[in-house]
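One structure is given here, and the rest of the page talks about it.
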Amino acid sequence: MARIRSVQGTHVTPLAHGWRVASAPAGRIASPHDLAGAELDWCGATLPCTAASALRAAGRWSLDDRVDFDADDWWWQHTFSFDRTETPAAHALRFEGLASLAEIWLNGQSILQTDDMFTEYEVDVGPRLEANNELVIVCRALGTALKARRPRPRWRTRVVEAQQLRWFRTTLYGRIPAWAPPVAPVGPWRPIVLERRAELSVLCADVRPRLDGDEGEVELNIELAAVDGHAPDRVTVHLAGRVNDLPCEVRPDGRVVASGRVRVGVVERWWPHTHGTPTRHPLHLVASMGSRSSRIELGSVAFRVIELDRGSDGFRLRVNGVDVFCRGACWTPVDAAALTGSEADYRKALEAVRDAGMNMVRVGGPFFYEADAFYDVCDELGVLVWQDFSFANMDYPGDDPGFVAAVEREAAGFLDRTQLAGCIGVLCGNGEVEQQAAMVGAPREIWRSSLFANTLPNQCGRLRPDVPYWPSTPTGGALPFLNDVGTAHYFGVGAYLRPLEDARRAGVRFATECLAFANVPDPRVVDELMKDGGVPPQDPRWKRRTPRDGSAGWDFDDVRDHYLRALFGVDPLALRYADPSRYLALSRVVTGEVMAATYAEWRRSDSGCAGALVWFLRDLWQGAGWGVLDADARPKAAYHFLRRALQPVAVL
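Here my numbering is used: the first residue of the sequence shown is 67, the next is one more, and so on.
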């Protein structure tokens, strides 16, 4: 169902402050009853957070510390009061994200066990609440769980060491040694809230906007349950300046179902900001119960049509009947340790996307589904989202019924809560699963599992039929990694050290990853990183944060140096030996020059390319990362080159 923004009469209390967290050897403490004598080293915490971000806030950990957060159990404890003299109401605890193997107790009673970082859980806790309450969570050691015997994969990934991560619904981020900080996420990384529902519980709110010519139409199916025994007898829809009644039916179990189609006449469409105005229309319902009424906020509706054109083996998005050249970057977390941030954090980064003339970001499979605020700001700013499901690089057990059922729940949860996100332009099964299988020599028939051929497309077709589905990226040709068919991860100009003209020769149709360079940050970032002495790029602190491909004998500083020599005719080694400052200055410029020249090639009117996304938008930590923004979302030099090349109207 669509995310319910608010319900009149429902009070939401975030359980954010007053937590404490401590680690314990895996399996040593069985339940909260054993905590008192355990003598743990507790640390204060404010939710949402991970074990890493809680320790960082207390000054007890930094990104440079090598801590295996998957090795231990992590215990979280919180107390809160409850007024039992309040008028009757339903009470629920909602856990919006727990990473990853969690057990939860309320007042000593087990109420929930979870094993999916990406799924939300809700528990009715009214009968269990007391005047003073203790909520305890333990996140069990993933490292221990990985040692259990399970069927082996049909092929091995080179991206992570632990092949059995494929069985666990958690992110690969923080567990990829080549290019991510070693900060495996553990803990309540999304909010935990207590909801008091005094009038209504909204059990389901299925909202499906569509366009019929220039006229908007919304199909709604709303299920309500009265908390105080007074069932709604009327539901009205308020959208685009119009008010419409929904027919109501009272079911034998007391639920009220209101469903129907509402036409709102000619409406302004939602467009990517490069092609028009991203217009949205606020939507709310009013449920009437005799002389009383309750307002239900559902957010905003975006009317648009997104189509995928595969003509001539290409890949092109069409929005509202107009071909769109998709340009932008691959999204990375706003906080490397906490994973998510505030609405202001998302806005800062996404306004930089808009201002650069970018109209798409990709949320990649190695990461995770983003917070509601991310999609809200993308909707508002007119930024399309290429959304991978959270699968990458591994042979996931698509033939295991339990795993498939978990994936169905996870996908349904994400698609439901983002049901009104008009910004989502592509739903993609995974990142690099097919490519990885093909590159290690696996037979063609096992490149794509039933998860990506059946399970996920079926869920997308049922819940988001307005968004095209794509099984994997890259894919589309006889081999997944061909550039001139379907989608590609193109690094010819870049890691493969090819000349700039290769961008034309390669015949790229749509690059969901490209132009990965170790982009040198501003001098102040370099000075902060080297504050105790040392000179980049050979200093160990610099090298630790320079991305590389696993097991490669080179890193992306070497790639940048290649183009420094090719474009500017200087010897990088001699230059950094004789004049380190000039070396860094030219290094800042050269990656921008290469990116701008490549986009100029792809944006030609007779180019067959319909989109390209830089790998990454933003660094995961300060240094010469792949980002065109640094870890604080401040533009690097390469960003300004892209800003000139990506505007809606540009002379190239």
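C-beta: ideal position from N, C-alpha, C; glycine also. A quick note: this is a predicted structure, and the numbers were derived from the prediction, not measured.
Review point. When the Cα atoms are used, what is the spatial distance from TRP140 to ARG607?
Key: Position 74 of the sequence shown holds residue 140. Position 541 of the sequence shown holds residue 607. For TRP140 and ARG607, the distance between alpha carbons rounds to 29 Å.
Review point. Who are the Cβ neighbours of GLU315 in its own chain at under 6 Å, not counting the five residues just before and after it?
Key: Translated into positions along the sequence shown, residue 315 becomes position 249. The answer, listed in chain order, is VAL323.
Exercise for review: State the Cα-Cα distance for the pair VAL680 and TRP108, rounded to the nearest angstrom.
Suggested key: The residue you call residue 680 lines up with position 614 of the sequence shown. The residue you call residue 108 lines up with position 42 of the sequence shown. If I take the Cα positions, the gap works out to 42 Å.
Exercise for review: Note down, in chain order, each residue of its chain lying with its Cβ closer than 7 Å to the Cβ of ALA477, except the 5 sequence neighbours on either side.
Suggested key: Position 411 of the sequence shown holds residue 477. Excluding its 5 nearest sequence neighbours in each direction, ALA477 has C-beta neighbours in its own chain below 7 Å: PHE455, LEU522 and GLN525, listed in chain order.
Check your understanding: With burial defined as no fewer than 16 other Cβ atoms inside 10 Å of the residue's Cβ, what is the status of ASP645: buried or exposed?
Key -> Taking the sequence shown and counting its residues from 1, the one referred to as residue 645 is at position 579. Classification of ASP645: exposed, given that the 10 Å Cβ count is below 16.
**Study point:** Where TYR187 falls, given that 16 or more other Cβ within 10 Å makes a residue buried
**Key:** Numbered from its first residue, the sequence shown carries residue 187 at position 121. With 16 or more Cβ atoms within 10 Å of its Cβ, TYR187 is classed as buried.
Practice item. May I have the straight-line CA-CA distance separating ALA82 from GLY558, to the nearest angstrom? Key: Walking along the sequence shown from the start, residue 82 turns up at place 16. Walking along the sequence shown from the start, residue 558 turns up at place 492. ALA82 and GLY558: Cα-Cα distance of roughly 47 Å.
**Study point:** Between the CA atoms of CYS392 and PHE576 - distance to the nearest angstrom
**Key:** Residue numbering aside, residue 576 sits at position 510 when the sequence shown is read from its first letter. Residue numbering aside, residue 392 sits at position 326 when the sequence shown is read from its first letter. Approximately 9 Å, taken between the alpha carbons.
Check your understanding: Name the DSSP bridge partner or partners of ASN199?
Key -> Taking the sequence shown and counting its residues from 1, one reaches residue 199 at position 133. DSSP links ASN199 through a beta bridge to PHE146.
Review point. Which residue's Cα is closest to the Cα of PHE161: LEU364, VAL78, HIS347 and GLN688?
Key: In the sequence shown, residue 161 corresponds to position 95, counting from 1. Comparing Cα-Cα distances from PHE161 to each of LEU364, VAL78, HIS347 and GLN688, the minimum goes to VAL78.
Review point. Taking the C-alpha atoms as reference points, what is the distance between VAL204 and TYR412?
Key: One-based indexing of the sequence shown puts residue 204 at position 138. One-based indexing of the sequence shown puts residue 412 at position 346. Near 29 Å, if we compare the C-alpha coordinates of TYR412 and VAL204.
Practice item. Would you mind sorting SER378 into buried or exposed? The rule is 16 or more other CB atoms within 10 Å of its CB. Key: One-based indexing of the sequence shown puts residue 378 at position 312. Exposed is the call here.
Check your understanding: Can you tell which of VAL202, HIS157, ALA68 and LEU172 has its C-alpha closest to the C-alpha of VAL87?
Key -> As a working note, residue 87 is residue 21 in the sequence shown. By alpha-carbon distance to VAL87, the top candidate from VAL202, HIS157, ALA68 and LEU172 is VAL202.
Review point. Could you give the C-beta distance for LEU312 and LEU286, rounded to a whole number, given that I count them as a contact under 8 Å?
Key: Sequence index remark: in the sequence shown, residue 312 carries index 246 (1-based). Sequence index remark: in the sequence shown, residue 286 carries index 220 (1-based). So it is a contact: roughly 6 Å between Cβ atoms.
Point to revise | ILE288 versus LEU277, SER267 and VAL592, residue with shortest Cα-Cα distance | key: Here the question's residue 288 lines up with position 222 in the sequence shown. Comparing Cα positions, the closest option is SER267.
Point to revise | Those runs of the beta strand (DSSP E) which lie wholly inside the region 543-586 and span at least 3 residues | key: 554-556 and 577-580
Point to revise | Coarse secondary structure for SER72, derived from DSSP in three states | key: Residue 72 sits at position 6 when you count from the first residue of the sequence shown. DSSP places SER72 in strand when its eight states are reduced to three.
Practice item. Using the DSSP secondary-structure output, state which residues sit across from ALA165 in a beta bridge. Key: Residue mapping note: residue 165 aligns to position 99 of the sequence shown, counting from 1. Paired residue(s): GLY253.
Exercise for review: Specify whether the region 460-472 and the region 514-521 touch according to this definition: at least 3 beta carbon pairs, one from each stretch, less than 8 Å apart.
Suggested key: yes
Point to revise | DSSP state of ARG206 mapped onto helix, strand, coil | key: By one-based count along the sequence shown, residue 206 stands at place 140. When DSSP states are grouped into helix, strand and coil, ARG206 belongs to the coil group.
Exercise for review: Drop a sphere of 10 angstroms on the beta-carbon of PRO217, count the other beta-carbons inside from all chains shown, and report buried for 16 or more, exposed for fewer.
Suggested key: Position 151 of the sequence shown holds residue 217. By the neighbour-count rule (16 or more Cβ atoms within 10 Å), PRO217 is not buried but exposed.
Exercise for review: Measure the C-alpha to C-alpha separation of ARG510 and GLY497 and round it to an integer number of angstroms.
Suggested key: Position 444 of the sequence shown, counted from the first residue, corresponds to residue 510. Position 431 of the sequence shown, counted from the first residue, corresponds to residue 497. Taking the straight line from one Cα to the other gives about 17 Å.
Check your understanding: Going by C-alpha distance, which of MET661, THR578 and GLY365 is nearest LYS702?
Key -> To locate residue 702, count along the sequence shown from 1; it is residue 636. The shortest C-alpha separation from LYS702 is found at MET661.
Exercise for review: Buried or exposed for THR343, please, with buried defined as at least 16 other CB atoms from any protein chain shown within 10 angstroms of its CB.
Suggested key: In the sequence shown, counting from the first residue as 1, residue 343 sits at position 277. So THR343 counts as exposed.
Check your understanding: Per the contact definition of three or more C-beta pairs closer than 8 Å, is the region 429-447 in contact with the region 699-717?
Key -> no
Practice item. Name the two residues that bound the continuous alpha helix (DSSP H) containing GLU667. Key: As a first step, residue 667 is located in the sequence shown; it is residue number 601 there, counting from the start. It spans 646-668 - the alpha helix (DSSP H) in which GLU667 sits, taken as one unbroken run.
Exercise for review: Return the bridge partner residues of ALA736 from the DSSP annotation.
Suggested key: Because residue 736 is not part of the residues shown, which for the chain are 67 to 718, the question remains open.
Practice item. Using three-state DSSP, classify ILE512 as helix, strand or coil. Key: The residue labelled residue 512 in the question sits at position 446 within the sequence shown. The answer is helix: DSSP assigns ILE512 an H, G or I state.
Review point. Where does ARG530 land, buried or exposed, given buried means 16+ other C-beta within 10 angstroms?
Key: If you number the sequence shown from 1, residue 530 lands on position 464. Buried, because 16 or more other Cβ atoms sit within 10 Å of the Cβ of ARG530.
Point to revise | Cut-off 7 Å between Cβ atoms - residues of its own chain near ARG722, not counting five sequence neighbours on either side | key: Beyond the ends of the chain as shown, which are 67 and 718, falls residue 722; an answer cannot be given.
Practice item. Excluding the 5 residues preceding and the 5 following THR302 in the sequence, name in chain order all residues of the same chain whose CB lies nearer than 6 Å to its CB. Key: Taking the sequence shown and counting its residues from 1, one reaches residue 302 at position 236. Answer for THR302: VAL309, ASP311 and VAL352, listed in chain order.
**Study point:** Whole-angstrom distance between THR237 and ALA118, CA atom to CA atom
**Key:** Position 52 of the sequence shown, counted from the first residue, corresponds to residue 118. Position 171 of the sequence shown, counted from the first residue, corresponds to residue 237. Each residue's alpha carbon lies about 15 Å from the other.
Practice item. Give me whichever residues DSSP pairs with GLU285 in a beta bridge. Key: Here residue 285 refers to the residue found at position 219 when the sequence shown is read from its first residue. According to DSSP, residue pairing for GLU285 in a beta bridge involves ARG274 and ARG327.
Point to revise | Same chain, Cβ closer than 7 Å to ARG132, neighbours up to 5 away in sequence not counted | key: As a working note, residue 132 is residue 66 in the sequence shown. Hits under 7 Å: PRO248.
**Study point:** Alpha-carbon to alpha-carbon, ASP637 and ALA651
**Key:** Here residue 651 refers to the residue found at position 585 when the sequence shown is read from its first residue. Here residue 637 refers to the residue found at position 571 when the sequence shown is read from its first residue. Each residue's alpha carbon lies about 14 Å from the other.
Check your understanding: Assuming THR612 contacts GLY689 under a Cβ cut-off of 8 Å, what Cβ separation, rounded to an integer in Å, is found between them?
Key -> The sequence position of residue 612 within the sequence shown is 546, counting from 1. The sequence position of residue 689 within the sequence shown is 623, counting from 1. Between GLY689 and THR612 the Cβ distance is about 6 Å, and since that is below 8 Å, they are a contact.
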